[in-house]
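Numbering (my numbering), first residue to last: -3 to 424.
From the three backbone atoms N, C-alpha and C, an ideal C-beta is built for every residue, glycine too.
Beneath this line is the structure, given in structure tokens, with notes to follow.
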Amino acid sequence: MALDTDSAIASYDAPKKDLYEVGEIPPMGYVPKQMYAWAIRRERQGEPDKAMLQEVVDVPTLDSHEVLVLVMAAGVNYNGVWAGLGVPVSMFDVHKQPYHIAGSDAAGIVWAVGDKVKRWKVGDEVVIHCNQDDGDDEECNGGDPMYSDSQRIWGYETPDGSFSQFTRVQAQQLMPRPKHLTWEESACYTLTLATAYRMLFGHEPHDLKPGQNVLVWGASGGLGSYAIQLINTAGANAIGVISDEDKREFVMDLGAKGVLNRKDFNCWGQLPTVNTPEYAEWFKEARKFGKAIWDITGKGVNVDMVFEHPGEATFPVSTFVVKKGGMVVICAGTSGFNCTFDVRYMWMHQKRLQGSHFAHLKQAASANKLMVERRLDPCMSEVFPWAELPDAHMKMLRNEHKPGNMSVLVQAPKTGLRTLEDVLDAGK
-3 MALDTDSAIA SYDAPKKDLY EVGEIPPMGY VPKQMYAWAI RRERQGEPDK
47 AMLQEVVDVP TLDSHEVLVL VMAAGVNYNG VWAGLGVPVS MFDVHKQPYH
97 IAGSDAAGIV WAVGDKVKRW KVGDEVVIHC NQDDGDDEEC NGGDPMYSDS
147 QRIWGYETPD GSFSQFTRVQ AQQLMPRPKH LTWEESACYT LTLATAYRML
197 FGHEPHDLKP GQNVLVWGAS GGLGSYAIQL INTAGANAIG VISDEDKREF
247 VMDLGAKGVL NRKDFNCWGQ LPTVNTPEYA EWFKEARKFG KAIWDITGKG
297 VNVDMVFEHP GEATFPVSTF VVKKGGMVVI CAGTSGFNCT FDVRYMWMHQ
347 KRLQGSHFAH LKQAASANKL MVERRLDPCM SEVFPWAELP DAHMKMLRNE
397 HKPGNMSVLV QAPKTGLRTL EDVLDAGK
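Given below as structure tokens:
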């Protein structure tokens, strides 16, 4: 294979081996037989520090439209926790493989390409969006690929995610890496940013418009921090919800118009039975929460959209406070999956309850362009060394992580590196 790369980079000295230590860089484009990975196996599903063990596994082989990426750093997301726990469904019942490598965010270098890949070459620096599909049905060709029956999330519904030295992806998953960011900053944002982008702009006619108001749950987290920034870029107003006063300044600094602490209210969890004393108490607290929103938006001004992902704990309130004809858009259920609400407010006020799941390439690329153009901050909060990858997921499981997004170093030997040359120099 001819390497169309910078000669100074392509000609660096490195031995050819069957297995490289983590952080050791092979010759450009040389694919070893094996690699290190954090693997989950069915018999040890459970909390991440028990489920994820470092193993030596075979480097995956490529199909004609696939690409092998040398992973410099990987992002930490809640689906890694779910994969470890085996809930809400075991991924071994989905992909039927003997082991599972989690990880649905990464930044790295194209290391090998299938024989029909045209847009990417060995040596390209990339970030990876996590949507895969077979590309051969109506939704993938003129519709919305997220509605394709073949749609799946790489690193969750597939067994070959980013928590390994090399990862196999479809060529259409690749996007240019923002060169002004470090490897770890580049690795932390794509899943949450693209998910937030589709939630806010992907569901016409309720796509976000200038001047609108959006209630953002978990405003200091990965999804919330990007939602607030995207809302600002659209000329709209974000009202962030937090659970810890220590996070208020972080959210306001992102550009929120106002911040509410959910601990100041007592209307969380499943909806009490309508027309009971318990419902009356819930209703009183929900109205108090709505009044607090008005203190930010103006008297009588309900939010146009609610950016939902906690699910069970917050859904009754979300469906109550959104305006007539407004939309509650939800992409997860981190507090539980049994969502309840008072359906009278849905049908009488003609509200829209919209599910949203990641994003297709056009949406992911639009969001990525904002990052490349430096219009957004990746909001990276913590970086973990390779050996502490399970610990990062334990922090997320226990909600002990800092505001923003987390990354794990893979082939990058330390933080602050921005190029392959940096990585090679740091390894000397």
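Proximal residues to residue i (C-beta, below 7 angstroms), its chain only, five neighbours per side dropped
i           : result
residue -1  : With a pLDDT of 45 at residue -1, under the threshold of 50, the predicted position of this residue should be treated as unreliable, though the coordinate-derived value follows. Around residue -1: 6, 24, 25, 118 and 119.
residue 356 : 127, 140, 141 and 142
residue 1   : Caution is warranted here: a pLDDT of 49 is assigned to residue 1, below 50, making its placement in the model unreliable, and the coordinate value is therefore given only provisionally. The answer, listed in chain order, is 24, 118 and 119.
residue 28  : 13, 14, 15, 16, 22 and 55
residue 420 : 8 and 21
residue 382 : 18, 404, 405 and 406
residue 292 : 235, 253 and 254
residue 58  : 64, 108, 110 and 164
Pair within 8 angstroms by beta-carbon distance, residue i and residue j
i           : j           : result
residue 212 : residue 234 : yes
residue 190 : residue 350 : no
residue 407 : residue 21  : yes
residue 401 : residue 218 : yes
residue 324 : residue 315 : yes
residue 44  : residue 80  : yes
residue 300 : residue 322 : yes
residue 312 : residue 256 : no
residue 392 : residue 74  : yes
residue 183 : residue 71  : yes
residue 297 : residue 209 : yes
residue 364 : residue 171 : yes
residue 116 : residue 52  : no
residue 429 : residue 362 : Only positions -3 to 424 of the chain appear in this structure, which leaves residue 429 out of reach.
residue 428 : residue 151 : Any property of residue 428 remains undetermined from this structure, which presents the chain solely from -3 to 424.
residue 174 : residue 339 : no
Buried or exposed (CB count within 10 angstroms, at least 16 for buried), residue i
i           : result
residue 153 : buried
residue 163 : buried
residue 8   : exposed
residue 344 : exposed
residue 370 : exposed
residue 269 : exposed
residue -3  : Because the pLDDT of residue -3 is 35, which lies under 50, any placement of that residue in the model is unreliable, and the number read from its coordinates should be weighed accordingly. Looking at its Cβ environment, which holds fewer than 16 other Cβ atoms inside 10 Å, residue -3 is exposed.
residue 416 : buried
residue 394 : exposed
residue 132 : exposed
residue 305 : buried
residue 147 : buried
residue 302 : buried
residue 243 : buried
residue 397 : buried
residue 347 : buried
residue 201 : exposed
residue 513 : It is not possible to answer for residue 513, since the shown part of the chain is limited to -3 through 424.
residue 11  : exposed
residue 274 : exposed
Same chain, Cβ closer than 8 angstroms to residue i, neighbours up to 5 away in sequence not counted
i           : result
residue 224 : 212, 215, 234, 236, 247, 250, 251 and 252
residue 111 : 60
residue 318 : 211, 298, 299, 300, 301, 302, 324 and 347
residue 342 : 315 and 349
residue 130 : 136, 144 and 146
Cβ-based neighbour list, residue i, same chain, cut-off 6 angstroms, excluding 5 preceding and 5 following
i           : result
residue 76  : 98 and 389
residue 3   : Because residue 3 sits at a pLDDT of 44, beneath the cut-off of 50, its placement in the model cannot be relied upon, and the point is left open.
residue 423 : 409
residue 196 : 204 and 226
residue 379 : 180, 403 and 411
residue 264 : 309
residue 414 : 178
residue 375 : 221, 400 and 401
residue 187 : 73, 100, 101 and 126
residue 366 : 372
residue 430 : Residue 430 is absent from the model: the chain starts at -3 and stops at 424.
Residue i: CB within 7 angstroms of a non-hydrogen atom of the ligand HEM
i           : result
residue 360 : In terms of ligand content, the structure shown is empty, and the ligand HEM therefore cannot be addressed.
Continuous alpha helix (DSSP H) assignments of at least 4 residues falling wholly in the segment 40 to 121: 44 to 47, 74 to 81 and 88 to 91
task: State whether the segment 43 to 50 contacts the segment 371 to 388, with contact taken as three or more CB pairs (one from each stretch) at a distance under 8 angstroms.
output: yes
query: Whole beta strand (DSSP E) runs in the segment 175 to 245 with 3 or more residues, listed along the chain?
result: 209 to 212 and 233 to 238
- request: Give, in chain order, every unbroken run of the beta strand (DSSP E) that is at least 3 residues long and sits entirely within the segment 258 to 307.
  value: 299 to 304
query: Going along the chain, which unbroken runs of the beta strand (DSSP E) with 3 or more residues stay wholly within the segment 393 to 424?
result: Here the runs fully enclosed are 401 to 405.
3 or more residues per run - each beta strand (DSSP E) lying fully within the segment 334 to 372: 348 to 351
- request: Pair every Cβ in the segment 30 to 39 with every Cβ in the segment 76 to 96, then say whether three or more of these pairs are closer than 8 angstroms.
  value: yes
message: Between the segment 326 to 333 and the segment 165 to 180, can you find at least three pairs of beta-carbon atoms closer than 8 angstroms?
response: no
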